[in-house]
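**Q** FYI, in the working numbering the residues of the sequence shown are 722 to 968.
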Amino acid sequence: MKAFAIACLAMLAAGCASAPAKPELDRIVDQHVAARGGRAAIEAVKAVRIALTIQEADSRVDADYLASRDGRMRIDIVQNGGTVYSEGIDAQGAWQWVENNAVSGPSSASGAAALQRGLDAPMILRGLHELPARGHVLTLLPSERIDRIDYHVIRVRFVDGYVTRYYVNPQTWLIDRRRDTRPLHPAVDATPTQIEERYFDWREFGGVRYPVRTTQVDLASGKQLQLTLTRSLTVNPPLAPNAFDRP
């Protein structure tokens, strides 16, 4: 009987030893998702409304960003008490509007693509773990040491071919940085720039952690291009039927 028990234990040990280890990429994604609040909390986010203040050089504007998991969004830029620019995605597709109707109608192809990627980016509505099911490809790159931190680097190739890299801090498991080459405002100026977006001061809203301060930096010059501050963030706000409609 004792010999039988020993044999069974040996078989169990062999089975455990031969079980494949979880891929490193999956482990890092799991740690990051847990740090943000977990899969259930992230996937329960059906819509968000974010009030922002955006600073660039000598300009300062407020913005209202609204997005939902059904693929609709809009952002309205307010300056001196009035809306000066809006863009979004409604049931008919991407659109843009400029003050006094100087420009109104479909968004440019690059602008529309950027808006769509924003809906899938793992910082607003979705988690990093949800991207593969939506056709985006995640690849773990060699770690990079920046400011004495050895970052886990995850490259994301979006379904439209666009590529970006997210830098996961191995101490907090949150994303500290994102690097890619892109125009800062594709609907206004399509000139590509190597940009590092940095995320600070993560806070919990509706059970999910979001960064409330973001900077965008030109990597070539080190110049800060933009500072964005979150004034308020509401998870699953009530949505009017026409909330995303173009003007």
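The beta-carbon is built from N, C-alpha and C at its ideal position, and this holds for glycine as well.
Express the C-alpha separation of Leu773 and Ser953 in angstroms, rounding to a whole number.
**A** Approximately 7 Å between the Cα atoms of the pair.
**Q** Based on the DSSP output, what are the partners of Ile916 in its beta bridges?
**A** Asp901 and Asp939, per the DSSP bridge assignment.
**Q** Using three-state DSSP, classify Val858 as helix, strand or coil.
**A** Looking at Val858 - three-state DSSP - the assignment turns out to be strand.
**Q** Since Leu875 contacts Leu859 with CB under 8 Å, what's their CB separation in whole angstroms?
**A** First, the amino acid is wrong: residue 875 is Ile here, not Leu. About 6 Å separates the two Cβ atoms, so the contact holds.
**Q** Output the boundary residues of the alpha helix (DSSP H) element that contains Leu836.
**A** Start and end: Ala830 to Asp841.
**Q** Verify whether the separation of the beta carbon atoms of Glu745 and Leu852 is less than 9 Å.
**A** No. Outside cutoff.
**Q** Taking the straight line between their C-alpha atoms, what separation do you get for Leu895 and Ala755?
**A** Each residue's Cα considered, the two are about 9 Å apart.
**Q** Secondary structure at Ala762, three-state DSSP: helix, strand or coil?
**A** It is helical.
**Q** Assign Arg790 to one of three DSSP states: helix, strand, or coil.
**A** In the structure shown, Arg790 sits in coil (DSSP, three-state: anything other than H, G, I, E or B).
**Q** Near Glu917, what residues of its chain come up, given a Cβ to Cβ distance below 6 Å and the 5 sequence neighbours on each side ignored?
**A** Excluding positions up to five away in sequence, the list reads Arg898, Arg900, Val938 and Leu940.
**Q** Label Phe921 either buried or exposed according to how many other C-beta atoms from any shown protein chain fall within 10 Å of its C-beta, with 16 as the threshold for buried.
**A** Looking at its Cβ environment, which holds fewer than 16 other Cβ atoms inside 10 Å, Phe921 is exposed.
**Q** Are Asn957 and Ala765 closer than 9 Å when you measure CB to CB?
**A** Yes; because the gap between Cβ atoms is below 9 Å, this pair is in contact.
**Q** Could you give the DSSP three-state label for Ala768: helix, strand or coil?
**A** It is a strand residue.
**Q** Need the endpoints of the alpha helix (DSSP H) that Ile749 sits in, please.
**A** Counting along the chain, the alpha helix (DSSP H) containing Ile749 begins and ends at Glu745 to Arg757.
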